[in-house]
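Numbering (our numbering), first residue to last: 1 to 972. Beneath this line is the structure, given in structure tokens, with notes to follow.
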Amino acid sequence: MHMLLVDGSGYIFRAFHALPPLSRKSDGLPVGCVQGFCNMLFKLTQDMDADEAPTHMAVIFDAKGKTFRDDIYDQYKAQRPPAPEELVPQFPLTRSATRAFSIPSIEMEGWEADDIMATYACMARDAGMKVTIASSDKDLMQLVEPDGSIRLLDTIPRPGQPPLRWIGPDEVFTKFGVTPDKVIDVQALCGDSVDNVPGVPGIGVKTAAELINTYGDLETLLARAEEIKQPARRQKLIDNAELARISKRLVTLERQVPVEIDLDGLVRQPMSPSALFPFLKAMEFATITKRLAALLEADPDDFAPDPELRAGGSTDVGAPQKSTSLSVAKAKLAANVVPGTGPARLAAEEHARVKAIPLDYEAYEIVTTPEQLAAWVDRIMAKGHVAVDTETDSLDPQQADLVGICLSTEMGQGCYIPVGHANPGDLLGGGGLVEGQLPIGAVLDSLKPVLEDRSILKIGQNVKYDMEVLERYGIALAPIDDTMLISYALDGPRYNGLDVLAEHWLDHKTITYGALAGTGKAQKTFDQLEIAAAARYAAEDADVTLRLWHVLKPRLAAENATNLYETLERPLAPVLARMEARGIMVDRQILARLSGDFAQRAAALEAEAHELAGQSFNLGSPKQLGEILFDKMGLEGGTKTKTGAWSTGADVLEDLALKGIPLARTIVDWRQLTKLKGTYTDALPTYINPRTGRVHTSYQQASVLTGRLSSNEPNLQNIPVRTEDGRKIRTAFVAPQGKVLISADYSQIELRVLAHIADIQALKDAFEEGLDIHAMTASEMFNVPVEGMPSEVRRRAKAINFGIIYGISAFGLANQLGIERGVAGDYIKTYFERFPGIKDYMDAQKARVKADGHVTTIFGRKIQFPNANSGNPSERAFVERASINAPIQGSAADIIRRAMIRMEGELKKAGIEADMLLQVHDELIFEVPEGTEEVAIPVIKRVMEKAAEPAVMLSVPIQVDAHAARNWDEAH
DNA sequence: GCAAGGACGTA
DNA sequence: GTACGTCCTTGCA
């Protein structure tokens, strides 16, 4: 008989470092260790010879919480960092994997896995069984028996080594220099820095083994310590005798754990396809699924993926909340956890720990020698993660030149590597570099290997910026974590900005750039700063970023936001970085011609306005205009803004124009032209990058409440389209010679999302049949046939549909349609009667935001409304409308995010050369070689239309329209 | 020199 | 009625 005990917890931790990092399933959930674990179980059960095959088997895990060792020594395992974030969701999944293989999964509060394994190993040996412990933990080597009845088996995959490696007495002797029965005495002396077992300071494994081999055991050695010849060694042993005894108790495994399952309970069970395949399919482990299918002669297609674990889970809004994969995993985990020691508690403890670490500007180092730089590279390699921040001479990542790099591997420490600080020069610059800085080429050559190392996590704040800058120096920063995006996944855009995050979470006010470099016109760029002062500012940023990471990252697991962050935030950042770097070509000449045209026409309108007003005034001043219209000319129907000024908005002027006031029309037209000129035709050319000749917008990934992106400098998400003059501006957005633009946009995505989440059968049917949705609505509401419907009727229905999405009010609808409040109210009533599910959905969101302070998208993004229960009725009403809109707008935003994240890979897989350039909420713009648009468009459409899957299977079809042309206007 | 308000471009 | 960003004027420092 053969007992196989698998060290589950040990495997996960070690495999995490040994396996290729960041292996994920389609929704981004990291599963590399789970996959490795499954492969190991398969190998262990199948690859052994028939007479070696285990008859009994169990996987043992560490339980959360304290053990007796914490009472012996309060520092035991105290300095261990929290588990890497990628690992956290894999703990419960590994337990699920064990169950899927029909193997008992054992863990006990108050005991480490090692103690349980020691107990079972001894029980099994005493019952005459052979025992194999699948573990490479040296703490278990004390269990190895000289006769081979208990052996260890190292299963961690290591390149260049056989997959399974036996550890018997010889290997133990190689490691510790003693026989297995004396291992604990050696460990008592040499200690263990990983577990924080103190040992005797200054004594390592070699010396310890020599002493134990000489004196026999620890107690004898301590009793005869006076005999030791070397004075220093003798004194150390005498002084630290007690520490050695404590250490021995810490490393000695308990072999009498009161286990609840006896040996008979561990007899191997046959694998069950119905347990195995739903799990493997949910994890998307194709290879092992195939191998097991062959072995069990089963067809995996007979089994659906475990709905609780499959990609994206099944969170929904509108309907009662179902669980996501993580929440289920967490619930399963919680069942094994002592109350009050869950992820939330850990996150809170970590927060308190980080806050207690002092911040000392004097602790920061300025790196000016190759030796210092090499030491930092070593520190990063040893640590496995590093906070990085680049300092540059511009806020525009496509213009910025590198001035310095700061790094931090330990909170409270950090360094600044200046590379581009310049001497003050004359008007043309030319002062040269400040002396004493390392050459930028050498610095980047040294850092490139760590910055690109897949096993070293680079942590930053707004990493997209650093990625773009470094990319231009030939460095592909990866993998990354971004504190700004973690915060966004947890709290929305509330605490954007390192300064705000530091103040809120760390009670620390960072040095402001203004205090360092001045403000306004006189503000210095970073390269003009004194290195010493710059270093304090820069290193602080890296230090603070690392602290924030320690505070915020554990909250992802605790607050069930890991999936959101891993699938919708982190993978998007590099995609946006590439889009920004590509930019889009803008035809300067077209814009210049338009500017001239608009200027002429505006000037004519201005003269006409002065004429009509009977006086000269600034048409750009609403104040002056209001006074002329309502005070001087005495027109009726003027309304005041909240500050008491006359309201002169377009709607007001439109009314006046209809009442026969020609000045109003003139102003409206003038405003349109000057708007187009000032915001677009004049401004856009100034954004053309001289290096690339293209316009590079900047996308804000973490600034919109609902999960949309925003675009600025310039904003390319509000390029005009609705008027004829406006569309002329779009013709200036062009593809270069030999290429064409493709515009692909979702048709009615928000109404489709509404139909899905509010479950409105009539809307779903209409989309299924491809009807004109506004005409259908009008037909239902006003009892008018779609055939020959007057456009005004359809227009009203369209306004109502949009109103629904915006959280309709009679006031707002009346305003929009220019009808009486009462009539608008009747429309809404009719709509609710016709589509009763809509009212239910709206009421559900209102109730939810009041109860929880947030609502949720179909992918689990929370949208917070801190003032949902405000005492101010109009504020409350506003929150109600926003809470209706947010899941719709937000779910649509999540869908296009998913499409963008997958797009590049899918295009590449299809062998299509297409560059994604812009996103405008429901539209993506691509640049492709002329002639390839016909192959590119189907792929683009498919990725966009299937973007929600498999995480969410929408109950409405998603439709994307795509066109190719030489300019954006024609492609749209 | 800066912030707030009004107006208006987009989805 | 939702969500944004930019330009311009105004008013105060």
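Glycine included, C-beta positions come from ideal geometry on N, C-alpha and C. A quick note: this is a predicted structure, and the numbers were derived from the prediction, not measured.
What is the DSSP secondary structure of residue i, counted as helix, strand or coil?
i: D62; result: coil
i: P320; result: With a pLDDT of only 34 at P320, under 50, the local geometry of the prediction cannot be trusted, and the value read off the model is given with reservation. Residue state, collapsed to three classes: coil.
i: D137; result: coil
i: G342; result: coil
i: V186; result: helix
i: S26; result: coil
i: R966; result: coil
i: T132; result: strand
i: V6; result: strand
i: K330; result: The pLDDT assigned to K330 is 42, lower than 50, so where the model puts this residue is not dependable; a value taken from the coordinates is nonetheless given after this. Three-state result, K330: helix.
i: K640; result: strand
i: E365; result: strand
i: F101; result: coil
i: M633; result: coil
Measuring alpha carbon to alpha carbon, tell me which residue in the options is nearest residue i.
i: M271; options: P104, K383, R234; result: P104
i: S809; options: R794, Y827, R795; result: Y827
i: I819; options: Y806, F835, I800; result: I800
i: F61; options: D114, A83, L19; result: D114
i: M842; options: Q816, R881, R555; result: R881
i: M57; options: K66, F42, D192; result: F42
i: V469; options: G432, V197, E580; result: E580
i: I245; options: R224, E284, V257, V200; result: According to the sequence provided, residue 245 is Arg. The question's Ile does not apply to it. Checking every option, the nearest Cα to that of R245 belongs to V200.
i: A892; options: D852, K846, M944, F926; result: M944
i: A964; options: G412, E713, A778, F926; result: F926
i: K248; options: N423, A208, S96; result: A208
Inspect the beta-carbon positions of residue i and residue j and report whether they are closer than 8 Å.
i: T731; j: G583; result: no
i: D543; j: G414; result: yes
i: K623; j: A645; result: yes
i: H756; j: L954; result: yes
i: S446; j: A374; result: yes
i: F598; j: L676; result: yes
i: G738; j: E930; result: yes
i: I440; j: V463; result: no
Exposed or buried, residue i, counting other C-beta atoms within 10 Å across all chains shown (16 or more means buried)?
i: T220; result: exposed
i: V88; result: buried
i: L605; result: buried
i: G28; result: buried
i: I973; result: With the chain represented from 1 up to 972, any question about residue 973 goes unanswered, as that position is not in the structure.
i: S874; result: exposed
i: T512; result: exposed
i: D185; result: buried
i: T315; result: Low per-residue confidence applies at T315: pLDDT is 34, beneath 50, and the placement is therefore not dependable, though the value from the model is reported in the following sentence. Buried, because 16 or more other Cβ atoms sit within 10 Å of the Cβ of T315.
i: F277; result: buried
i: W968; result: buried
i: M916; result: buried
i: E350; result: buried
i: H972; result: buried
i: K229; result: exposed
i: M1; result: exposed
i: K862; result: buried
i: I749; result: buried
i: H550; result: buried
i: P933; result: The sequence shown places Glu at residue 933, rather than the Pro named in the question. E933 is buried by the Cβ-count criterion.
i: G32; result: buried
Residue i lies in the alpha helix (DSSP H); which residues open and close that run?
i: I884; result: 873–909
i: Q761; result: 761–768
i: Y831; result: 821–834
i: K290; result: 286–296
What residue range does the beta strand (DSSP E) around residue i cover?
i: T857; result: No beta strand (DSSP E) holds T857; DSSP gives it neither H nor E.
i: Y416; result: 415–418
i: P929; result: 923–929
i: N712; result: 710–712
The ligand MG and residue i: does the residue's C-beta get closer than 7 Å to at least one heavy atom of that ligand?
i: A304; result: The ligand MG is not part of this structure, which contains no ligands at all.
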